[in-house]
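Data block below; observations after.
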Amino acid sequence: MKYFTINPPEKLAAYVRFFWVLEGDATLESPYIHRSMADGCAELLFHYQGIFDELIPEKPEEKAFASGLAGQSLLIRRFVIRSNFGIFGAYLYPFAISQLFSIPGSELKNQMIDLKTLLGNQAHELEEKMMLAADHSQRVEIISGFLEKRLAVAKQQPPGIFQTIRYMIQTSEIINIEQLAAHNFLSTRQFERNFKQQAGFSPKLFSRIVRFQHALALYNHNNKSLAEIAYTCGYYDQSHFIQDFKQFSGHKPKEYFFNQAEGTAWRTV
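Pasting the structure below:
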């Protein structure tokens, strides 16, 4: 299995955290199961080789889209593929959805939307170019050009909430909503409403998801105890850490950090 990230061009860095690639082998006898967890960011996805099926409890497997947008989510989803696969993704700040696609982030929360529904007539050309690209450098060029064109005609929004969301993601610090509202020259109620429209979640819930994601990123730090991971990520105590982790991942932290959890193979490469 191969997983790596690619930095976006400077023009997109305020909206795209990074591009990523995941490739791997799977067969009927040895399928690969991927697990998505709670995430405050969105992803624009292109399956250029193979398409996953979603595993839904007590229902038949459901074919996932070949390309589309996965919005910010609290849901735990499981996907399976029984052939070799390749996925190219653009990992987006949540407010990028409103700027790139003129849709409030709150409307795409917990949603997975195929590219045709998202883009209409533009979808086929973009999908075909991404699928047939000679290599990942070309894919970066294609998707960057597409996103830059959309930003050029986007209605500009006041940057305050964007900067606040970006700061929260980059630092995972414990937040004070009243201070953040004052910093944005808004009442607490106005700030929470504007924040939720862009991020999809309330500031408090979004902050919890961000801390959880920072904990996930410590997967290979086997020298840290669970208590140290909890402290590093800003949890007051280990019990709150365990509670959030189970809610947002479906795993106990001990299972996840000691290589006993489903869907973590890509984090080891």
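The opening residue of the sequence shown carries number 1 in UniProt numbering; numbering runs sequentially from there.
Ideal Cβ positions, reconstructed from N, Cα and C, are used throughout, including at glycine.
For residue i, the first and last residue of its enclosing beta strand (DSSP E)
i   : result
M1  : No beta strand (DSSP E) contains M1, which DSSP labels as neither H nor E.
G24 : 16 to 24
Residue i to residue j span [Cα, whole Å]
i    : j    : result
G24  : L186 : 48 Å
K254 : H124 : 44 Å
L44  : H136 : 15 Å
L118 : D39  : 20 Å
M168 : Y235 : 15 Å
F19  : I229 : 26 Å
G200 : F212 : 17 Å
A64  : K155 : 31 Å
V16  : F257 : 28 Å
T188 : E58  : 43 Å
N259 : A182 : 43 Å
S225 : D237 : 13 Å
K149 : A90  : 16 Å
R82  : A265 : 16 Å
Q198 : S36  : 21 Å
S249 : E192 : 25 Å
T268 : Q190 : 42 Å
F79  : L55  : 5 Å
N84  : V21  : 14 Å
Per DSSP, the bridge partner or partners of residue i
i   : result
K63 : D53
A42 : L92
I33 : V80
Residue i, enclosing alpha helix (DSSP H) - first and last residue
i    : result
R189 : 188 to 199
L226 : 226 to 232
R267 : Looking at the DSSP string, R267 is not in any alpha helix (DSSP H), and its letter there is neither H nor E.
E178 : 177 to 183
Q213 : 203 to 216
G263 : Per DSSP, G263 belongs to no alpha helix (DSSP H) and is neither H nor E.
I161 : 160 to 171
F245 : 238 to 249
K254 : 253 to 257
Alpha helix (DSSP H) runs contained entirely in the region 66 to 146, provided each spans 4 or more residues: With a minimum length of 4 residues, the unbroken runs of alpha helix (DSSP H) contained wholly in the region 66 to 146 fall at 96 to 101, 115 to 119, 122 to 132.
Is the number of C-beta pairs between the region 96 to 107 and the region 46 to 63 that are closer than 8 Å three or more? When C-beta atoms of the region 96 to 107 are compared with those of the region 46 to 63, fewer than three pairs fall below 8 Å, so the two segments do not count as touching.
State whether the region 2 to 9 contacts the region 165 to 177, with contact taken as three or more CB pairs (one from each stretch) at a distance under 8 Å. Taking 8 Å as the limit for Cβ pairs, the verdict is that the region 165 to 177 does not touch the region 2 to 9.
For the 8 Å Cβ check, are there 3 or more pairs between the region 61 to 75 and the region 101 to 114? Yes: at least three Cβ pairs fall under 8 Å.
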